[in-house]
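Below: the structure, in structure tokens.
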Amino acid sequence: MHWLIASRRRRTAKHGFINDLTRIVSFSIQVIGQFGDADDLQSLRSLCDEKELGHEALNAVQRIEDRVRYRK
1 MHWLIASRRR
11 RTAKHGFIND
21 LTRIVSFSIQ
31 VIGQFGDADD
41 LQSLRSLCDE
51 KELGHEALNA
61 VQRIEDRVRY
71 RK
């Protein structure tokens with residue numbers, strides 16, 4: 001099993017796929033900011049004080065809030 005994990009890591013690195021959890025979460029927050037709605041705001045706000053993800057979460061909150069206000 002260990003060789004399978006190592007093999008996948010090598011392939012992931014070789015092909016440039018995201019393999020770092022923080023980068024995956026950061027990307028996910030960006031997607032939520034782009035496509036999310038008011039229902040996502042509470043979860044995003046809970047991340048705003050996080051050292052590594054706070055800035056990204058705040059940007060996502062602002063994008064959603066701007067979009068929701070624009071629709072009204």
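For reference, each letter of the sequence shown is one residue, going 1 to 72 in the UniProt record's numbering.
The C-beta atom is built at its ideal place from N, Cα and C for all residues, glycine as well.
Three-way DSSP call (helix, strand, coil) for residue i in this model
| i | result |
| --- | --- |
| S26 | helix |
| E65 | helix |
| G54 | helix |
| G33 | helix |
| D20 | coil |
Backbone CA spacing between residue i and residue j [nearest angstrom]
| i | j | result |
| --- | --- | --- |
| S7 | L21 | Note that S7 scores a pLDDT of 47, beneath 50, so its modelled location is shaky; the value from the coordinates is reported in the next line. One C-alpha to the other measures close to 18 angstroms. |
| Q62 | G33 | 8 angstroms |
Within 8 angstroms, strictly: CB atoms of residue i and residue j
| i | j | result |
| --- | --- | --- |
| E56 | I29 | yes |
| L53 | V25 | yes |
Closer than 7 angstroms: residue i CB and nearest the ligand PLP heavy atom
| i | result |
| --- | --- |
| A57 | This structure simply doesn't include the ligand PLP, nor any ligand for that matter. |
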